[in-house]
Amino acid sequence: MNIFRLSGDLCHLVAIIILFLKIWKSKSCAGISGKSQVLFAVVFTTRYLDLFTSFISIYNTVMKVVYLASAYATVSLIYLRFRSTFDSESDSFRVEFLLVPVAGLSFLENYAFTPLELFMITKTGEAASITTHYLFFLGLYRALYLGNWLWRYHVEEFFDQIAVVSGVVQTIFYCDFFYLYFTRVIRGSGKMSLP
Amino acid sequence: LQSATYKDEL
């Protein structure tokens with residue numbers, strides 16, 4: 001464990017909590033991509049199946065269970081409890097378009113982590129500030145993992161190509177979002193809209 | 196450089 005990985009995981013946790021509370025408190029999932037949350041649930045389920053096969057640490061097990069439970073809880077908030085507020089018109093991302101590059105680059109098994117909210121922002125041109133904070137922490141989690149891999153490469157002299165390549169791909173998707181976040185959300189009025 | 200799997204990561 002190093003500081004990058006710990007803060008990355010905590011940012012991931014903060015992102016999940018922000019999204020859950022936003023939906024819960026506002027009783028609305030407007031502006032949230034239900035499809036991406038389903039993909040998160042699928043990704044966590046497939047990635048964390050090793051919960052049943054190998055024990056790594058209490059920390060690892062607890063975090064995996066928390067991520068899994070919160071992913072399914074968020075999906076149920078969107079599709080069951082607050083279904084009427086779900087903006088399915090804007091959630092028009094074609095999952096099959098994601099599956100094609102994923103199949104082609106199947107060694108990048110983390111590819112489905114790419115959040116479709118980023119696509120929804122480009123589609124609707126705006127995002128509520130709370131949603132951008134969620135995306136910011138999600139992006140920070142991926143970015144901090146880059147620091148973690150540099151750390152592990154130097155300290156442990158090991159390197160996991162699949163994790164690093166897929167992690168870099170995921171982080172690249174956040175770059176333009178980070179730019180907009182800092183130039184508009186932090187300095188501006190709070191709402192993020194594209195020019 | 197040795198290859199490893201970071202199974203402990205989240």
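Chains L and R supply the protein sequences, listed in that same order.
The working numbering applies: residue 1 is where the first sequence begins, and numbers increase by one.
The working numbering applies: residue 196 is where the second sequence begins, and numbers increase by one.
Yeah, the Cβ is synthetic: ideal placement off N, Cα and C, and Gly gets one too.
In this text the structure is predicted, and so the values were computed from the model without any measurement.
Non-local beta-carbon contacts of residue 44(L) in its own chain, meaning distances under 6 Å to residues more than five positions away in sequence, involve 67, 68 and 71 in chain order. When DSSP states are grouped into helix, strand and coil, residue 26(L) belongs to the helix group. Here residue 142(L) is near residue 170(L), since their CB atoms are less than 8 Å apart. Against chain R, a Cβ distance below 8 Å from residue 16(L) picks out nothing, because the smallest value is about 12 Å. According to the DSSP assignment, residue 44(L) belongs to the alpha helix (DSSP H) that extends over 34 to 47. Burial state of residue 202(R) is exposed, judged by a 10 Å Cβ sphere holding fewer than 16 other Cβ atoms.
Only residues of its own chain outside the window of five on either side were considered, and among them 82 and 85 have a CB closer than 8 Å to the CB of residue 28(L), listed in chain order.
For the pair residue 138(L) and residue 10(L), the Cα-to-Cα distance works out to about 10 Å.
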